[in-house]
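K.L.:
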Amino acid sequence: MSWAGTLILAAYSSEADVGVFNALVRISVFTNITFLAINSITMPRFAEAFASNDIASLKRYAKEAAKLITLTSLPLFLVLAFFPKFILSIFGKEFPGNEISLYILLAGQLIVIFSGLPGQILNMTGKQGVLRNIAIFSAIVNVIGCFVLIPSYGILGVSIAQGLGILVWNVSCVMAVKKHFGFYTYMINRN
Numbered sequence: 000m001s002w003a004g005t006l007i008l009a010a011y012s013s014e015a016d017v018g019v020f021n022a023l024v025r026i027s028v029f030t031n032i033t034f035l036a037i038n039s040i041t042m043p044r045f046a047e048a049f050a051s052n053d054i055a056s057l058k059r060y061a062k063e064a065a066k067l068i069t070l071t072s073l074p075l076f077l078v079l080a081f082f083p084k085f086i087l088s089i090f091g092k093e094f095p096g097n098e099i100s101l102y103i104l105l106a107g108q109l110i111v112i113f114s115g116l117p118g119q120i121l122n123m124t125g126k127q128g129v130l131r132n133i134a135i136f137s138a139i140v141n142v143i144g145c146f147v148l149i150p151s152y153g154i155l156g157v158s159i160a161q162g163l164g165i166l167v168w169n170v171s172c173v174m175a176v177k178k179h180f181g182f183y184t185y186m187i188n189r190n
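At position 117 of the sequence shown the residue is numbered 116 (numbering that gives the first Met the number 0), and the sequence of numbers has no breaks.
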């Protein structure tokens, strides 16, 4: 899914546009720099809680991870969201003017931040097939979005398609965890 936008954009736009889009993606995912560290600590806990049939601990670990992800990622998100022109100008003269695309990609990352680790929970609890199906569906949504939007909107179109794919992926994973384990993975969850 992460390469679909780049490859399809390359078929319709210039190399410069592809380079700008790739940089925008990298800037937006910078918000999740702590994600991998939290992931590596939490995934074994998910597996252990599931193996012990301790859904209460699985829920607690999910909520703790979501809180930690939110607290560590939100400050970076806010800096990128409030100073997009300055940040884009650092990369070169062709980058300013793409603030809306950056905002769309950042909105996708905000969804990732607030969703917690639903995909990792599915992966570590024997629900890999569910996760695979979600990944395939999300990729199809992303690819269709790219083919529909890129010819008319270029970088903005691929950003929208990417954001849509991220939305479908994360909402689907959150709902799958709710269906299989009875709780939501985001930080403020009452169930």
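C-beta atoms are modelled at their ideal positions from N, C-alpha and C, and glycine is treated no differently.
1. Would you mind reading off the limits of the alpha helix (DSSP H) that contains I89?
2. Beta carbon of I40, beta carbon of G181: below 8 Å?
3. At a cut of 8 Å, does the region 22-42 reach the region 90-107 through at least three beta carbon pairs?
4. Quick check: what's the CA-CA separation for L35 versus V78?
5. On the criterion of 16 or more Cβ atoms from any shown chain inside 10 Å, does I120 qualify as buried, or is it exposed?
6. What are the complete alpha helix (DSSP H) segments, minimum 4 residues, inside the region 28-64?
7. On a Cα-Cα basis, can you pick out the residue from F82, A10, A3 and E63 that is closest to P150?
8. Compute the Euclidean distance between the alpha carbons of A199 and N132, then round it to the nearest angstrom.
9. Classify I135 as buried or exposed, calling it buried when 16 or more other Cβ atoms lie within 10 Å of its own Cβ.
10. In this structure, how does DSSP classify P74 when only helix, strand and coil are distinguished?
11. Within the continuous alpha helix (DSSP H) that includes N169, where are the two ends?
P.N.:
Based on what the coordinates show:
1. The sequence position of residue 89 within the sequence shown is 90, counting from 1. It spans P83 to F90 - the alpha helix (DSSP H) in which I89 sits, taken as one unbroken run.
2. Counted from its first residue, the sequence shown places residue 40 at position 41. Counted from its first residue, the sequence shown places residue 181 at position 182. For the pair I40 and G181, the CB atoms are not nearer than the 8 Å cut-off.
3. Taking a cut-off of 8 Å on C-beta distances, the region 22-42 touches the region 90-107, as three or more cross pairs fall below it.
4. As a first step, residue 35 must be located in the sequence shown, where it is residue number 36. As a first step, residue 78 must be located in the sequence shown, where it is residue number 79. The straight-line gap from Cα to Cα measures roughly 20 Å.
5. The count along the sequence shown starts at 1 and reaches residue 120 at position 121. Taking a 10 Å sphere around the C-beta of I120, we find 16 or more other C-beta atoms and assign the residue as buried.
6. As far as the region 28-64 is concerned, its whole alpha helix (DSSP H) runs of at least 4 residues are 34-50.
7. Here residue 150 refers to the residue found at position 151 of the sequence shown. Answer by Cα proximity: A10.
8. Residue 199 cannot be examined here, being either before or after the span of the chain that is shown, 0 to 190.
9. Taking the sequence shown and counting its residues from 1, the one referred to as residue 135 is at position 136. The residue is exposed, with fewer than 16 neighbouring Cβ atoms inside 10 Å.
10. One-based indexing of the sequence shown puts residue 74 at position 75. Helix, per DSSP.
11. In the sequence shown, the residue the question calls residue 169 occupies position 170. N169 -> alpha helix (DSSP H) spans I154 to F180.
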